[in-house]
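Novice:
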Amino acid sequence: MAPELLNGSSSLVSEKVDVFSFGIAMWELLTGEEPYADLHYGAIIGGIVSNTLRPPIPESCDVEWSVLMERCWSSEPSERPTFTDIADELRSMASKRQNQQLQPSPLSTQVNK
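Quick note on numbering: the sequence shown equals residues 1 to 113 in full-length UniProt numbering.
1. For residue 82, does the three-state DSSP call read helix, strand or coil?
2. From the DSSP output, in three-state form, read off residue 65 for me.
3. For residue 17, which three-state DSSP category applies?
4. Under 7 Å Cβ to Cβ from residue 27, same chain only, skipping five residues before and after it: list those, please.
5. Please report how far the alpha carbon of residue 45 lies from the alpha carbon of residue 93, in whole angstroms.
6. Where do the N-terminal and C-terminal ends of the alpha helix (DSSP H) with residue 43 fall, by residue?
7. Does DSSP put residue 7 in a helix, in a strand, or in coil?
8. For residue 70, which three-state DSSP category applies?
9. Hey, out of 62, 14 and 74, whose CA is closest to residue 96's CA?
10. Taking 8 Å as the threshold (C-beta atoms), are residue 73 and residue 23 in contact?
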């Protein structure tokens, strides 16, 4: 839940609230876990209100994915990307992955000689 929903900043409620939630959903897809599962409900609410609670990013996380997640859950709603920006970045990441898969690895090049 975006901090601005709980800290009295109702004038800041916009699509950026959903962007924050999308960033958390990205983390859930990455880890297969529920964020803050080990925390008491009160600690979660307190962390959200104080705008200090974010799930830990695994070291194995792709840098681009990590940066996008962190931008989505920025403490400043105005610094969060739009969904159009998110879609563009995800398409770019997918395209890069596709191109990497099409490139022969050094090992396969040596094997084919």
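Backbone N, C-alpha and C define an ideal beta-carbon position, used for all residues, glycine too.
Specialist: The relevant details are as follows:
1. Residue 82 falls in the coil class under three-state DSSP.
2. When DSSP states are grouped into helix, strand and coil, residue 65 belongs to the helix group.
3. Helix.
4. Taken in chain order, the residues that qualify are 35, 55 and 69.
5. Their Cα atoms are separated by approximately 33 Å.
6. Segment 41 to 49, the alpha helix (DSSP H) holding residue 43.
7. DSSP, reduced to helix, strand and coil, places residue 7 outside both helices and strands of the structure shown, so it counts as coil.
8. Assigned with DSSP and collapsed to three states, residue 70 falls in helix.
9. Each of 62, 14 and 74 was checked against the Cα of residue 96, and the nearest Cα belongs to 62.
10. Taking 8 Å as the Cβ cut-off, residue 23 and residue 73 qualify as a contacting pair.
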